[in-house]
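See structure below.
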Amino acid sequence: AGPFRFNFSSGGVGASVGVQGLRIGTGPRGHYIHAGVGGLYYRGTLGKRSAKQTLQLSEFPSGPKPHPTSSPVEYVSGGVVMREIESADVIEMRDETFANVLDEINARQSQTRMSLILAVLFGIAGLIAGAMLGGGVALIGIAAFLPGMLIGNWLDSYRRVSVLYYDLEQDAEAAYGRLVAAFDTLTRCAASWHVAAGGKIEDLTTWKRNAGATMLVDKKSTTLQASLPTVVRSNVTPPSIHVGRQILYFMPDMILVKDGNQYGAVGYGDLRTQFAPSNFIETGKVPSDAEIVSYTWAHPNKNGGPDKRFRDNRQIPVCRYEALRFSSPSGLNELVEFSKTNVSQPFCQALLALAQMHRNAGGQSGLLKAR
25 AGPFRFNFSS GGVGASVGVQ GLRIGTGPRG HYIHAGVGGL YYRGTLGKRS
75 AKQTLQLSEF PSGPKPHPTS SPVEYVSGGV VMREIESADV IEMRDETFAN
125 VLDEINARQS QTRMSLILAV LFGIAGLIAG AMLGGGVALI GIAAFLPGML
175 IGNWLDSYRR VSVLYYDLEQ DAEAAYGRLV AAFDTLTRCA ASWHVAAGGK
225 IEDLTTWKRN AGATMLVDKK STTLQASLPT VVRSNVTPPS IHVGRQILYF
275 MPDMILVKDG NQYGAVGYGD LRTQFAPSNF IETGKVPSDA EIVSYTWAHP
325 NKNGGPDKRF RDNRQIPVCR YEALRFSSPS GLNELVEFSK TNVSQPFCQA
375 LLALAQMHRN AGGQSGLLKA R
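Each residue of the sequence shown is one higher than the one before, counting from 25 in my numbering.
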């Protein structure tokens, strides 16, 4: 995993970081996650290695407390009242099963960047040295600034990173493999979007101005890729979906939710998915794999025909896309859309299978902490 090397000991997962010829060992650290028919077992290394504490759970830890519902943010766009489709504060997306992992990730993320500190210190030292040498002050300062930033970045790649090492039994690996395969199908869609807001068109003038649409949506192209958060190193590179300012990482044991510099988590057992076809009046370029179901006029009259008062009135294709919603009691609420239909069901089924596997093994779940 980049400059990291994983190793094991009785104290947990160890890691070392460095470049060729120079490697810093951290001792046992990070989180070791074992998943399979025996449930989820976590081993984390915190502080001294000598004292260990084992907590055996008689039942699966209780899920997150339901997020209190609040009215969605509303704004007016083009004469339509738009309602935002937005998740709650990511810090509220928390489950005791993943508490230690989340605490460490957020703690490391909040640490001051050594790249900034060392860049400033080296730069000041360079300016002072340049002044003492009697020339080239700015040049020496810049020359000293860059090594400071590079050394700081190297240190940050260790200090501000959490290690998650997954040991998946055959059933867990197969279930996660099905999720990855279904996600690959989503990535092959010619286009995908994140829907940020939507509103119902309720007056005739706005209806005509929007080619006879009954709903107005605010959506932007989104990114689906296999990637890890910058603060995590792992032997697994999970599927990820960008949903506005947040990113969803589908790890083997949880959905890690990134929002700026903060992280939350949603268990697969708490995740709810819904998918359905949706007709969209496409005023832009039609994706190559989209199905055109009909056409409408840019400026229709009441009966759906062309409004002849507009000389540039033209027909616009109506495409059948597929919408997929993610939600949870802890406040996750996101909507994405794909240019091709019948692609969401395998992904949702794989998510459900992961949840079912964890739920069936819930009675044997455990948590191991190494201190």
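Beta carbons: idealized from backbone N, C-alpha and C, even for Gly.
Which residues DSSP lists as bridging residue i, in chain order
{"i": "residue 191", "result": "58"}
{"i": "residue 248", "result": "265"}
{"i": "residue 320", "result": "340"}
{"i": "residue 216", "result": "362"}
{"i": "residue 239", "result": "224"}
{"i": "residue 313", "result": "Looking at the DSSP assignment, residue 313 forms no beta bridge with any residue, so it has no partner."}
{"i": "residue 289", "result": "280"}
{"i": "residue 207", "result": "For residue 207, which the question treats as bridged, DSSP gives no partner whatsoever."}
{"i": "residue 120", "result": "Answer by DSSP bridge pairing: none, since residue 120 is not bridged."}
{"i": "residue 115", "result": "Answer is none; residue 115 lacks a bridge partner."}
{"i": "residue 185", "result": "For residue 185, which the question treats as bridged, DSSP gives no partner whatsoever."}
{"i": "residue 378", "result": "Answer is none; residue 378 lacks a bridge partner."}
{"i": "residue 6", "result": "This structure gives no information on residue 6, because the portion of the chain shown stretches from 25 to 395."}
{"i": "residue 257", "result": "187"}
{"i": "residue 272", "result": "265 and 281"}
{"i": "residue 305", "result": "342"}
{"i": "residue 357", "result": "351"}
{"i": "residue 330", "result": "324"}
Residue from the options with nearest C-alpha to residue i
{"i": "residue 227", "options": "58, 380 and 103", "result": "103"}
{"i": "residue 353", "options": "360, 344 and 291", "result": "291"}
{"i": "residue 13", "options": "343, 310, 205 and 309", "result": "Outside the shown range of the chain, which is 25 to 395, sits residue 13, and nothing can be said about it."}
{"i": "residue 186", "options": "252, 307, 303 and 219", "result": "252"}
{"i": "residue 219", "options": "307, 359 and 375", "result": "359"}
{"i": "residue 315", "options": "190, 306, 323 and 246", "result": "306"}
{"i": "residue 326", "options": "236, 260, 200 and 381", "result": "236"}
{"i": "residue 378", "options": "323, 347, 293 and 223", "result": "293"}
{"i": "residue 129", "options": "229, 248, 225 and 258", "result": "258"}
{"i": "residue 133", "options": "284, 328, 100 and 200", "result": "284"}
{"i": "residue 321", "options": "380, 276 and 231", "result": "231"}
{"i": "residue 364", "options": "343, 382 and 328", "result": "343"}
{"i": "residue 334", "options": "381, 119, 349 and 233", "result": "233"}
{"i": "residue 250", "options": "223, 384, 380 and 201", "result": "201"}
{"i": "residue 119", "options": "279, 348 and 131", "result": "279"}
{"i": "residue 59", "options": "328, 197, 331 and 348", "result": "197"}
{"i": "residue 222", "options": "319, 329 and 100", "result": "100"}
{"i": "residue 331", "options": "229, 351, 131 and 110", "result": "229"}
{"i": "residue 110", "options": "383, 350 and 384", "result": "350"}
{"i": "residue 116", "options": "286, 384 and 328", "result": "286"}
Assumed close pair residue i, residue j - CB separation to whole angstroms, cut-off 8 Å
{"i": "residue 356", "j": "residue 281", "result": "7 Å"}
{"i": "residue 126", "j": "residue 362", "result": "About 30 Å; that fails the 8 Å criterion."}
{"i": "residue 122", "j": "residue 203", "result": "Not confirmed; about 18 Å, so no contact."}
{"i": "residue 288", "j": "residue 97", "result": "Actually they do not touch by this definition, with Cβ atoms about 19 Å apart."}
{"i": "residue 295", "j": "residue 192", "result": "Not really, about 19 Å apart at Cβ, beyond 8 Å."}
{"i": "residue 246", "j": "residue 266", "result": "5 Å"}
{"i": "residue 260", "j": "residue 190", "result": "5 Å"}
{"i": "residue 409", "j": "residue 304", "result": "Lying before the first or after the last residue shown, residue 409 is absent from the chain, which here runs from 25 to 395."}
{"i": "residue 346", "j": "residue 367", "result": "6 Å"}
{"i": "residue 16", "j": "residue 57", "result": "Lying outside 25 to 395, the shown extent of the chain, residue 16 is not represented and no answer is given."}
{"i": "residue 381", "j": "residue 112", "result": "In fact, because the Cβ distance is near 27 Å, the residues do not count as touching under 8 Å."}
message: So, does the stretch 332–343 touch the stretch 264–275, judging by three or more C-beta pairs under 8 Å?
response: Not touching, per the Cβ criterion.
Stretch-stretch touch, CB-based, cutoff 8 Å, three pairs: the stretch 292–307 with the stretch 362–382: Using a Cβ-Cβ distance cut-off of 8 Å, the stretch 292–307 and the stretch 362–382 are in contact, since at least three pairs of beta carbons, one from each stretch, lie closer than that value.
- request: Decide if the stretch 233–252 is in contact with the stretch 97–116; the criterion is three or more beta carbon pairs, one per stretch, under 8 Å apart.
  value: As far as the Cβ criterion goes, the stretch 233–252 touches the stretch 97–116, which means the pair count is three or higher.
query: With a cut-off of 8 Å, do at least 3 Cβ pairs link the stretch 304–316 to the stretch 209–225?
result: Between the stretch 304–316 and the stretch 209–225, the count of C-beta pairs closer than 8 Å reaches three or more; the two stretches touch.
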